[in-house]
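Undergrad: Sharing a structure here in C-alpha coordinates format.
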Amino acid sequence: MERLTHLVDGLLALARSESSLSLESVDVAAVTAQAVERWQPLAEESGVDVLLTCPATAQARVVRGGLEQILDNLLDNAIGVAPPNTKIALSVSSDSEHVTIRVQDSGPGMTDLEQERATRRFWRAPGAEPGGSGLGLAIVAELAAASGGSVKLSDPPDHTGLEVTVTLVLAPGGVATSSR
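Residue numbering for the sequence shown follows full-length UniProt numbering, starting at 1 and increasing by one per position.
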(Lines of atoms letter the chains of each structure in order from A; the text may use other names.)
(Lines give C-alpha, C1' and ligand atoms only; values in the text may rest on other atoms or scores of the structure.)
Protein backbone atom coordinates (compact mmCIF):
# COMPACT_ATOMS: atom_id res chain seq x y z
CA MET A 1 0.00 0.00 0.00
CA GLU A 2 2.86 2.39 0.88
CA ARG A 3 4.47 1.77 -2.52
CA LEU A 4 1.16 2.52 -4.27
CA THR A 5 0.77 5.76 -2.31
CA HIS A 6 4.33 6.73 -3.26
CA LEU A 7 3.57 5.98 -6.94
CA VAL A 8 0.36 8.03 -6.91
CA ASP A 9 2.15 10.94 -5.20
CA GLY A 10 4.83 10.73 -7.88
CA LEU A 11 2.31 10.72 -10.72
CA LEU A 12 0.53 13.72 -9.22
CA ALA A 13 3.83 15.56 -8.85
CA LEU A 14 4.67 14.73 -12.46
CA ALA A 15 1.31 16.03 -13.68
CA ARG A 16 1.71 19.22 -11.63
CA SER A 17 5.21 19.78 -13.02
CA GLU A 18 3.78 19.77 -16.54
CA SER A 19 1.38 22.62 -15.82
CA SER A 20 2.54 26.14 -15.15
CA LEU A 21 3.16 26.24 -11.43
CA SER A 22 4.55 28.98 -9.30
CA LEU A 23 7.79 28.46 -7.46
CA GLU A 24 8.22 28.90 -3.73
CA SER A 25 11.29 29.51 -1.61
CA VAL A 26 12.11 26.35 0.34
CA ASP A 27 14.75 25.67 2.99
CA VAL A 28 16.48 22.76 1.26
CA ALA A 29 18.57 21.91 4.32
CA ALA A 30 15.53 21.61 6.61
CA VAL A 31 13.42 19.65 4.11
CA THR A 32 16.37 17.31 3.44
CA ALA A 33 16.87 16.66 7.16
CA GLN A 34 13.15 15.85 7.47
CA ALA A 35 13.35 13.46 4.50
CA VAL A 36 16.28 11.63 6.09
CA GLU A 37 14.28 11.26 9.33
CA ARG A 38 11.31 9.92 7.34
CA TRP A 39 13.42 7.34 5.46
CA GLN A 40 15.70 6.36 8.36
CA PRO A 41 13.52 3.42 9.55
CA LEU A 42 13.55 1.80 6.08
CA ALA A 43 17.28 2.44 5.75
CA GLU A 44 17.94 0.80 9.13
CA GLU A 45 15.70 -2.13 8.22
CA SER A 46 17.77 -2.53 5.03
CA GLY A 47 21.05 -2.31 6.98
CA VAL A 48 22.03 0.97 5.31
CA ASP A 49 23.30 4.16 6.96
CA VAL A 50 22.22 7.52 5.53
CA LEU A 51 24.87 10.16 6.21
CA LEU A 52 23.68 13.76 5.84
CA THR A 53 25.97 16.74 5.38
CA CYS A 54 24.28 20.09 4.94
CA PRO A 55 24.44 23.74 5.92
CA ALA A 56 22.15 25.16 8.58
CA THR A 57 20.05 26.72 5.84
CA ALA A 58 20.01 26.87 2.04
CA GLN A 59 17.00 28.39 0.29
CA ALA A 60 16.07 27.38 -3.26
CA ARG A 61 13.18 28.15 -5.62
CA VAL A 62 11.18 24.94 -6.13
CA VAL A 63 7.77 23.87 -7.42
CA ARG A 64 5.40 23.53 -4.43
CA GLY A 65 5.85 20.05 -2.92
CA GLY A 66 8.51 19.24 -5.49
CA LEU A 67 11.50 19.05 -3.18
CA GLU A 68 9.86 16.48 -0.91
CA GLN A 69 9.04 14.32 -3.94
CA ILE A 70 12.57 14.69 -5.34
CA LEU A 71 14.12 13.62 -2.04
CA ASP A 72 11.65 10.77 -1.51
CA ASN A 73 12.42 9.35 -4.96
CA LEU A 74 16.19 9.70 -4.56
CA LEU A 75 16.22 8.10 -1.10
CA ASP A 76 13.82 5.33 -2.14
CA ASN A 77 16.07 4.47 -5.10
CA ALA A 78 19.31 4.66 -3.11
CA ILE A 79 18.01 2.54 -0.22
CA GLY A 80 16.56 0.05 -2.70
CA VAL A 81 19.88 -0.60 -4.45
CA ALA A 82 22.37 -0.18 -1.59
CA PRO A 83 23.68 -3.48 -0.21
CA PRO A 84 23.43 -4.07 3.56
CA ASN A 85 26.25 -2.61 5.68
CA THR A 86 26.89 0.26 3.27
CA LYS A 87 26.32 4.00 3.40
CA ILE A 88 24.32 6.50 1.39
CA ALA A 89 25.94 9.93 1.37
CA LEU A 90 23.44 12.79 1.05
CA SER A 91 24.73 16.34 0.94
CA VAL A 92 23.39 19.83 0.39
CA SER A 93 25.64 22.72 -0.61
CA SER A 94 25.23 26.13 -2.21
CA ASP A 95 27.13 28.78 -4.09
CA SER A 96 26.14 32.28 -5.21
CA GLU A 97 23.58 30.96 -7.74
CA HIS A 98 22.59 27.38 -6.91
CA VAL A 99 21.72 24.88 -4.22
CA THR A 100 23.05 21.39 -4.97
CA ILE A 101 21.77 18.10 -3.56
CA ARG A 102 23.96 15.01 -4.03
CA VAL A 103 22.97 11.43 -3.26
CA GLN A 104 25.64 8.75 -3.58
CA ASP A 105 24.82 5.08 -3.05
CA SER A 106 26.92 1.90 -3.08
CA GLY A 107 24.62 -0.05 -5.38
CA PRO A 108 25.49 -1.64 -8.70
CA GLY A 109 25.80 1.70 -10.49
CA MET A 110 24.89 2.35 -14.11
CA THR A 111 26.70 2.39 -17.41
CA ASP A 112 26.96 5.72 -19.25
CA LEU A 113 24.11 4.65 -21.55
CA GLU A 114 21.93 3.65 -18.57
CA GLN A 115 22.66 6.99 -16.89
CA GLU A 116 21.54 8.73 -20.08
CA ARG A 117 18.26 6.79 -20.18
CA ALA A 118 17.46 6.68 -16.46
CA THR A 119 15.48 9.93 -16.40
CA ARG A 120 13.09 8.76 -19.14
CA ARG A 121 9.60 7.80 -18.03
CA PHE A 122 9.11 4.07 -17.39
CA TRP A 123 12.79 3.21 -18.02
CA ARG A 124 14.06 0.52 -15.69
CA ALA A 125 17.62 -0.69 -15.28
CA PRO A 126 18.36 -4.19 -16.57
CA GLY A 127 18.01 -6.60 -13.66
CA ALA A 128 16.07 -4.09 -11.54
CA GLU A 129 14.02 -5.48 -8.67
CA PRO A 130 10.38 -6.11 -9.56
CA GLY A 131 7.81 -3.66 -8.29
CA GLY A 132 9.31 -0.38 -9.46
CA SER A 133 7.48 1.87 -11.89
CA GLY A 134 10.41 3.35 -13.79
CA LEU A 135 9.14 6.83 -12.91
CA GLY A 136 11.32 7.80 -9.93
CA LEU A 137 14.21 9.52 -11.70
CA ALA A 138 11.90 10.84 -14.45
CA ILE A 139 9.87 12.60 -11.76
CA VAL A 140 13.07 13.94 -10.17
CA ALA A 141 14.27 15.31 -13.52
CA GLU A 142 10.92 16.87 -14.45
CA LEU A 143 10.41 18.50 -11.05
CA ALA A 144 13.97 19.86 -11.10
CA ALA A 145 13.45 21.24 -14.63
CA ALA A 146 10.07 22.76 -13.67
CA SER A 147 11.92 24.49 -10.82
CA GLY A 148 14.56 25.88 -13.20
CA GLY A 149 17.13 23.27 -12.17
CA SER A 150 18.71 20.12 -13.53
CA VAL A 151 19.67 16.52 -12.71
CA LYS A 152 22.91 14.73 -13.52
CA LEU A 153 23.75 11.06 -12.99
CA SER A 154 27.41 10.09 -12.76
CA ASP A 155 29.91 7.63 -11.36
CA PRO A 156 31.00 8.68 -7.88
CA PRO A 157 34.69 9.49 -7.36
CA ASP A 158 35.34 5.99 -5.97
CA HIS A 159 33.48 4.39 -8.94
CA THR A 160 31.17 2.48 -6.60
CA GLY A 161 27.43 2.91 -7.06
CA LEU A 162 25.78 5.99 -8.51
CA GLU A 163 25.82 9.69 -7.73
CA VAL A 164 22.74 11.77 -8.53
CA THR A 165 23.18 15.54 -8.46
CA VAL A 166 20.16 17.85 -8.40
CA THR A 167 20.92 21.53 -8.96
CA LEU A 168 18.28 24.11 -8.04
CA VAL A 169 18.20 27.90 -8.33
CA LEU A 170 19.19 29.73 -5.15
CA ALA A 171 16.33 31.81 -3.76
CA PRO A 172 16.99 35.52 -3.21
CA GLY A 173 18.86 35.82 0.09
CA GLY A 174 19.19 32.03 0.25
CA VAL A 175 22.95 31.66 0.75
CA ALA A 176 23.91 28.71 2.94
CA THR A 177 25.27 29.35 6.40
CA SER A 178 27.30 27.16 8.77
CA SER A 179 27.35 23.38 8.38
CA ARG A 180 25.52 20.81 10.52
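Even for Gly, the Cβ is constructed at its ideal location relative to N, Cα and C.
Source: prediction; values computed, not measured.
1) Put Glu116 into one of helix, strand or coil per three-state DSSP.
2) Is it the case that the stretch 33 to 42 contacts the stretch 104 to 112, given that we only count it when at least three CB pairs across the two stretches are under 8 Å?
3) From Val164 to Val140, what distance separates their C-alpha atoms?
4) If contacts are defined as beta-carbon pairs under 8 Å, then Leu51 and Ala89 qualify, I think. What distance do you get, rounded to the angstrom?
5) Where DSSP assigns a beta bridge to His98, which residues make up the other side?
6) Compute the distance between the beta-carbons of Gln104 and Pro172, then report whether it is under 8 Å.
7) First and last residue of the alpha helix (DSSP H) that includes Thr111?
8) Taking the beta strand (DSSP E) that Asp72 belongs to, which residues open and close that run?
9) Using beta-carbon positions only, say whether Cys54 and Thr32 come within less than 8 Å of one another.
10) Just reading off the alpha helix (DSSP H) that Thr32 is part of, what are its end residues?
11) One question on the structure: do Gly136 and Asn73 come within less than 8 Å of each other, judged by their Cβ atoms?
12) Locate the alpha helix (DSSP H) running through Ala145, then write down its first and last residues.
TA: Considering the structure as presented:
1) Along the sequence shown, one-based indexing puts residue 116 at 116. Secondary structure at Glu116: helix, using DSSP grouped into helix, strand and coil.
2) At 8 Å Cβ cutoff, the stretches do not touch.
3) In the sequence shown, the residue the question calls residue 164 occupies position 164. In the sequence shown, the residue the question calls residue 140 occupies position 140. Straight through space, the alpha carbons of Val140 and Val164 are spaced by roughly 10 Å.
4) For this step, residue 51 is matched to residue 51 along the sequence shown. For this step, residue 89 is matched to residue 89 along the sequence shown. Going by Cβ atoms, the distance from Leu51 to Ala89 rounds to 5 Å, so yes, they are a contact pair.
5) On the sequence shown, position 98 is the one that residue 98 refers to. Its beta-bridge partners are Val169.
6) For this step, residue 104 is matched to residue 104 along the sequence shown. For this step, residue 172 is matched to residue 172 along the sequence shown. Their beta carbons are not under 8 Å apart, which means Gln104 does not touch Pro172 by this criterion.
7) Along the sequence shown, read from residue 1 onward, the residue named residue 111 stands at position 111. Taken as a continuous stretch (DSSP letters only), Thr111 belongs to no alpha helix (DSSP H), as it is neither H nor E.
8) Working through the sequence shown from its first residue, we reach residue 72 at position 72. Premise fails: Asp72 lies in the alpha helix (DSSP H), 66 to 81, not in any beta strand (DSSP E).
9) By 1-based counting over the sequence shown, the position of residue 54 is 54. By 1-based counting over the sequence shown, the position of residue 32 is 32. Judged by beta-carbon spacing, Thr32 lies within the 8 Å limit of Cys54, meaning their Cβ atoms are closer than that value.
10) Sequence index remark: in the sequence shown, residue 32 carries index 32 (1-based). If you look at Thr32, you'll find it in the alpha helix (DSSP H) that goes 28 to 45.
11) As a working mapping, residue 136 is identified with position 136 in the sequence shown. As a working mapping, residue 73 is identified with position 73 in the sequence shown. Inclusion of Gly136 and Asn73 in the CB contact set at 8 Å is warranted, their separation being smaller than that value.
12) In the sequence shown, the residue the question calls residue 145 occupies position 145. Taken as a continuous stretch (DSSP letters only), the alpha helix (DSSP H) holding Ala145 covers 136 to 146.
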